[in-house]
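Asks: Using our numbering, you'd call the opening residue of the sequence shown number 18 and step up by one each time. Heads up, the beta-carbon is just placed ideally off N, CA and C, and yes, glycines get one too.
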Amino acid sequence: MIVFDLCCGAGDHRFEAWFASSESFADQQARGLIACPICGDVEVKKAVMAPRVGAKSNQMPSAAPAAVAADASEPSPELVRKVIAEIAAKQAEMLPQSRWVGRDFADAARAMHEGRAAEDLIHGQASPEEAQALRDDGIAAMPLLVPIVPPEAAN
Ligand SMILES: [Zn+2]
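1) Leaving out the 5 sequence neighbours to the left and right, which residues in its chain are closer than 8 Å to residue 39 when beta-carbon positions are compared?
2) Could you tell me whether any non-hydrogen atom of ligand 1 is closer than 7 Å to the CB of residue 27?
3) On the premise that residue 125 lies in contact with residue 139, defined as a C-beta separation below 8 Å, what is that separation, rounded to the nearest angstrom?
4) To which residues does DSSP link residue 25 through a beta bridge?
5) When we look at the beta-carbon of residue 56 and count the other beta-carbons within 10 Å, is it buried (16 or more) or exposed?
6) Between the C-alpha atoms of residue 49 and residue 161, what's the straight-line distance to the nearest angstrom?
7) In the DSSP assignment, what residue or residues form a beta bridge with residue 20?
8) Quick one: does the C-beta of residue 58 sit closer than 7 Å to a heavy atom of ligand 1?
9) Given a cut-off of 8 Å, decide if residue 96 and residue 123 are closer than it, judged by their beta-carbon atoms.
10) Between which two residues does the alpha helix (DSSP H) harbouring residue 163 extend?
11) Taking residue 116 as part of the alpha helix (DSSP H), name the residues at either end of that continuous run.
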């Protein structure tokens, strides 16, 4: 698994996305499956490559995998692979029960965190700023390690 910092051609918005490999990224990019979470532009390109992994692997958040990368740390490559494989497997298990909320992810996660909405499993898109704000507020969210196609783009 690898995380790329991407930016879109339309607005130079920067965002992060996880891929199985560079080839997987290139394939999805060529097929127009990677869209900018801010403006929806599919003309995305690599910004800077930054391998990262979630450091808080001991807790699977009740409220959702999201397009959020955890703090960077320097664990061994073996540990990185193990943790990522475990998270990806867990997410693949959870996804069928998870509700796609698209761009409303940050709002929905916050509403559940604050008790304004029932706890639910959700996944969706968040901008780097929204992701950072969720982290700052201690709201559990994870980067999705399994590829998904937003329902609105799958028809
Ligand atoms: Zn954009």
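Replies: On the basis of the supplied data:
1) 19
2) yes
3) 5 Å
4) 61
5) exposed
6) 19 Å
7) 35
8) yes
9) Not closer than 8 Å, so no.
10) Premise fails: residue 163 is in no alpha helix (DSSP H) and is neither H nor E.
11) Per DSSP, residue 116 lies in no alpha helix (DSSP H); the unbroken beta strand (DSSP E) holding it starts and ends at 116-119.
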